[in-house]
Structure formats: structure tokens, C-alpha cells
């Protein structure tokens, strides 16, 4: 909305939630509404504006303006995820890629990993936090190519993880920093050392980047049939997951419930940002592609053709949504 208004595009509605309106007010040309279903929201911009010179329609915006407007929504998804993740890190633990312990007779010891090493790459993917290392390594049958940084020098190694309690591990411990604001008394015995303030912001940044990369990789695997469509979840499945997380977290107190819900919010917000940027019709990514075509060709795509493309995309997305909802219901039965 802010970017559209800066580009003088007429914004007629800014809504939080979907479905019927339950409350709102109007300021200037824009209605600000809260709708009954707490699922996302939308920013309505006019496609045609007649009789006014102070504002323009979205169709009359320049290609660069369209790109900025369409990117602004997903960007806010990422920014929200980052702010919340930094807040979570400040009040809980943060993980790093620095090795603090190597278990005896473990694959890590056999590969030559030492305390103080930083695991900076696993199978071609850069790693900054423990979550990256866990995600990018293979199972126990396939060796991993890793890179560790030791005294400023990068050393390549090959290591095969082993299974323990359902997880594949190298046999190393990585550094964990204590909460900067220990409001939940997670470090009441002072066994962990608090990090510098900037480390929590850096950790939050790399955590969100990790979620974004994992989401993109997962969608690519979905498109290449490495992941079944049945693994996708819509609002029904997400609601069920929220219920399960709440049930598990409430046993440890309301503080853990709040942290768990915020972690889910980060995951969902980052996922929505990535999904919206996919170059598919009816999504922001699809509109950005059309705007790039206009920018390169210096010719406007006919509105009727663009509208038809986005309409077909919308129909296909709705069909996929119905299919996902059907699978979500089957999972609950």
C-alpha cells in the first residue's frame, strides 16, 4: 500500500483478513478494513481511473513501479519474519556453525574435524547456523562433502553421518549462545555464555534466509516430483499443525506457547513471501514477470491478455487449493 501510494496509484482498500468485513474506516481514497477470516489480507488497487489527474491506475504505472509495488508485499513478509526471529533469538538460544565438541569414534573425529572449526559448507550449500547443517546433509548411506574454516583457512572434507535416535548426525556439538534477555529463565543455571547483541541480529537474519532457501528447495522438489503434492498443507492443515504445536508447548508453560506460536508465524510469513514471488500467473511473481517483459520490450502487454493470464492462473490456484484442502481433511480423518 505504501509503495503504491508513493507511485500515486489509487488504493481503494487495505484489508487485514479475508471474507466479510467486520469493521473498518475510510481515510482519503482508501478503506481500512478488518475481515472475518484471519488469513492474510490484501491491498486493492484500481485497474482503471477516469476523471482524475492526482492518481493513476495500476495498469498506468510504469513497469518499474509495478515491480516495486508487487515486490513490496513479499518483502514485508520477509521483514516481519526477520523482526520476529530476532526477537525470538534475543529471548531464547541462538545456534552457530562453530564446533565446540567432537565425540570420540564419531564420523566427525574420523574426518578430522576439530574443536573451533566452523562448518561453512555442506554439499555445496553455505551454512551459518545449526539448522543449515542438519538440512543439507545426506542420510547415512551417502557421504557429505563439507568445508570447514580453521584459522582462516578453508579445508574440504568428506564425512558420512550416522543414525542416532532417528536423526543423522556427524557427532559434533556446535556453539549455543544464551538468551540476551532471559525472560523465560532458560539459562538460570548460567551454563551458557551470552553473545554480543549483534550476533542475535545476524543469527535472526541467517535463520530467515535458511527458511527461504529451504522453502524454495522444497517447491523445486515438488515441481520435479521429488515431493508428493499430498505433502502440501493449506489453511486446514496449518490450523491442525498450530493445534499440535500448542498442545506440546502448553506443557512447558505459556512462555513456550508464545515462542512456539511466534516460530510458526516466522515460518508461515517467510513461506508466503516465497510463494508470492514464484513466477506464476495471479501471484506477485507472475505480475513481476509481466512487468519485466514490458520493461525489456518497452511495450505494454495488452490488459485483456494480462487479465486472461492471471485469471487462468487464479483458477488453477483455486483448484490446487481445493485439492490441498481435500487432502488436509483426509489427514484429519
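Residue numbers (my numbering): 596 to 928. Ideal Cβ placement from N, Cα and C applies to all residues, glycine included. Note that the coordinates shown come from a computational prediction; the quantities given were computed from them, not determined experimentally.
- Residue 614 and residue 635 have their C-alpha atoms some 11 angstroms from each other.
- In the DSSP annotation of this structure, the continuous segment of the beta strand (DSSP E) that includes residue 614 starts and ends at 606-622.
- Around the beta carbon of residue 847, fewer than 16 other beta carbons sit within 10 angstroms, so the residue counts as exposed.
- A direct Cα-to-Cα measurement between residue 731 and residue 718 gives close to 7 angstroms.
- When DSSP states are grouped into helix, strand and coil, residue 658 belongs to the helix group.
- In this structure, residue 742 lies away from residue 694, with their beta-carbon atoms at least 8 angstroms apart.
- Checking the DSSP bridge columns, you'll see residue 638 partnered with 609.
- CA-CA distance, residue 883 to residue 772, rounds to 40 angstroms.
- For residue 631, the number of other beta carbons within 10 angstroms of its own is below 16, and it is reported as exposed.
- In this structure, 806 is the residue among 902, 849 and 806 with its C-alpha nearest to the C-alpha of residue 724.
- Cβ atoms of residue 642 and residue 654 come within 8 angstroms of each other, at about 5 angstroms.
- Residue 773 carries a strand assignment under DSSP once its states are collapsed to helix, strand and coil.
- In the structure shown, residue 721 falls within a strand segment according to DSSP collapsed to helix, strand and coil.
- DSSP places residue 727 within a helical segment (H, G or I) once states are collapsed to three.
- Note that the C-beta distance between residue 672 and residue 867 is below 8 angstroms.
- Selection 756, 726, 727 and 746 evaluated against residue 739 yields 756 as nearest (Cα-Cα).
- Residue 679 sits close to residue 860, with the two beta carbons spaced by under 8 angstroms.
- Ranked by Cα distance from residue 799, the first of 713, 688 and 821 is 688.
- In terms of CA proximity to residue 691, 769 leads the group 777, 769, 904 and 787.
- Taking all protein chains in view, the Cβ of residue 684 is crowded by 16 or more other Cβ atoms within 10 Å, so the residue is classified as buried.
- Shown here, residue 743 sits in a strand according to DSSP, grouped into three states.
- For residue 812, the secondary structure class from DSSP, reduced to helix, strand or coil, is helix.
- Rounded to whole angstroms, the gap between the alpha carbons of residue 894 and residue 661 is 14 angstroms.
- By the criterion of a C-beta distance shorter than 7 angstroms, residue 862 is surrounded in its chain by 806, once the five residues flanking it on both sides are discounted.
- Residue 711 is not a Cβ neighbour of residue 871, given a cutoff of 8 angstroms.
- Distance from the CA atom of residue 713 to the CA atom of residue 745, rounded to whole angstroms, is 7 angstroms.
- Secondary-structure assignment with DSSP links residue 750 through a beta bridge to 743.
- About 6 angstroms separates the beta carbon of residue 835 from that of residue 927, a gap short enough to meet the 8 angstroms contact definition.
- Boundaries of the beta strand (DSSP E) around residue 689: 689-697.
- Residue 753 counts as exposed, since fewer than 16 other beta carbons sit within 10 angstroms of its beta carbon.
- Under the three-state reduction of DSSP, residue 882 is assigned to helix.
- Here residue 729 has no same chain residue with a Cβ atom under 6 angstroms from its own Cβ, once five neighbours each way along the sequence are excluded.
- Comparing C-alpha distances from residue 750 to each of 706, 733, 607 and 765 shows the shortest one belongs to 706.
- Here DSSP, grouped into helix, strand and coil, assigns residue 632 to strand.
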